[in-house]
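Here the structure comes first, spelled out in structure tokens, and everything after it is commentary.
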Amino acid sequence: LNEAFAAQSLAVIRDLDLDTSIVNPNGGAIALGHPLGATGAIRAATVVHALRRHKLKYGMVTMCVGTGQGAAGIFEAL
Numbered sequence: 043l044n045e046a047f048a049a050q051s052l053a054v055i056r057d058l059d060l061d062t063s064i065v066n067p068n069g070g071a072i073a074l075g076h077p078l079g080a081t082g083a084i085r086a087a088t089v090v091h092a093l094r095r096h097k098l099k100y101g102m103v104t105m106c107v108g109t110g111q112g113a114a115g116i117f118e119a120l
């Protein structure tokens, strides 16, 4: 969950009743940084390394784009 703002992240976690033990286990944008134009690459690299490290099959990244837009990606380890 890309948390550009802590309040937004907390609202999404609450509204969607997400399991906080699996949301951003390696840190999110507040912890790792949110440089303009690099968020997608950072999130993608983080999830790919986490999939390998923990021998997981699937991972998901989300990010805000601005002006109410967003993007998401599902990654599958082959």
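In the working numbering, the protein residues as written are 43 to 120.
Idealized CB from N, CA, C, for every residue including glycine.
Are the beta-carbon atoms of residue 44 and residue 106 separated by less than 8 Å? Going by beta carbons, residue 44 and residue 106 fall inside the 8 Å limit.
Rounded C-alpha distance that separates residue 54 from residue 90: Residue 54 and residue 90: Cα-Cα distance of roughly 23 Å.
First through last residue of the beta strand (DSSP E) which encompasses residue 104: For residue 104, the enclosing beta strand (DSSP E) covers residues 100 to 108.
Rounded separation between residue 83 and residue 96 - CA only: Looking at the two C-alpha atoms, the distance is approximately 20 Å.
Taking just the CA atoms, how far does residue 77 sit from residue 68? A straight-line Cα-Cα distance of about 17 Å links residue 68 and residue 77.
Please state whether the Cβ-Cβ distance between residue 72 and residue 48 is less than 8 Å. Taking a C-beta distance under 8 Å as the contact criterion, residue 72 and residue 48 qualify as a contact pair.
Roughly how many whole angstroms lie between the Cα atoms of residue 75 and residue 104? One C-alpha to the other measures close to 14 Å.
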